[in-house]
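Below you'll find the structure, written out as structure tokens, and then a few comments.
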Amino acid sequence: SLGGLPLCSLVLVKMGLQEDFDAAAADAASGAGNMPKITNDQKLELYALFKQANVGDVQGDRPGMLDFTGKAKYDAWAKIKGMSNDDAKKKYIENVNTWKA
26 SLGGLPLCSL VLVKMGLQED FDAAAADAAS GAGNMPKITN DQKLELYALF
76 KQANVGDVQG DRPGMLDFTG KAKYDAWAKI KGMSNDDAKK KYIENVNTWK
126 A
């Protein structure tokens, strides 16, 4: 037991979050059909949340000044440095569900 909850309950919650995250990622990956009005800033936010959820804090050096896309992605990811993987997954799911058509 942890915090009054049996460990099996925590595992189920964790698995449910991962399944929901995977479903949201599939929705986002299917592109314009599911989220036709998503802006570039929203795409960057989803990118950053996805990376934070799967990798953790931003890694590597910031791309050079001519790599505009790489810099934008790096900066978006760096903005959420310190966010937990689970919080990133929850925010990702929330955003996809909000922005779906």
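Following our numbering, the numbering of the sequence shown begins with 26 at its first residue and continues without gaps.
Glycine is no exception: its CB is placed at the ideal position from the N, C-alpha and C atoms.
Fair warning: this is a prediction, and the values are worked out from it, not measured in the lab.
Can you tell me the Cα-Cα spacing of Asp66 and Asn79, whole angstroms?
Taking the first residue of the sequence shown as position 1, residue 66 is located at position 41. Taking the first residue of the sequence shown as position 1, residue 79 is located at position 54. Whole-angstrom Cα-Cα distance: 20 Å.
Three-state class that DSSP yields for Gly41 in the structure shown:
Against the sequence shown, residue 41 aligns to sequence position 16. DSSP places Gly41 in helix when its eight states are reduced to three.
Determine the direct distance from the alpha carbon of Ile118 to that of Phe46, and round the result to whole angstroms.
As a first step, residue 46 is located in the sequence shown; it is residue number 21 there, counting from the start. As a first step, residue 118 is located in the sequence shown; it is residue number 93 there, counting from the start. Straight-line Cα distance between these residues: approximately 6 Å.
Only counting the same chain, and skipping five residues up and downstream in sequence, which positions put a Cβ closer than 8 Å to that of Tyr72?
Against the sequence shown, residue 72 aligns to sequence position 47. Excluding the 5 residues flanking it on each side, Tyr72 has same chain C-beta neighbours closer than 8 Å at Lys98, Ala101, Trp102, in chain order.
Give the secondary structure of Leu74 by DSSP, where H, G and I count as helix, E and B as strand, and everything else as coil.
For the purposes of this step, residue 74 is taken as the residue at position 49 of the sequence shown. Here Leu74 sits in helix by DSSP.
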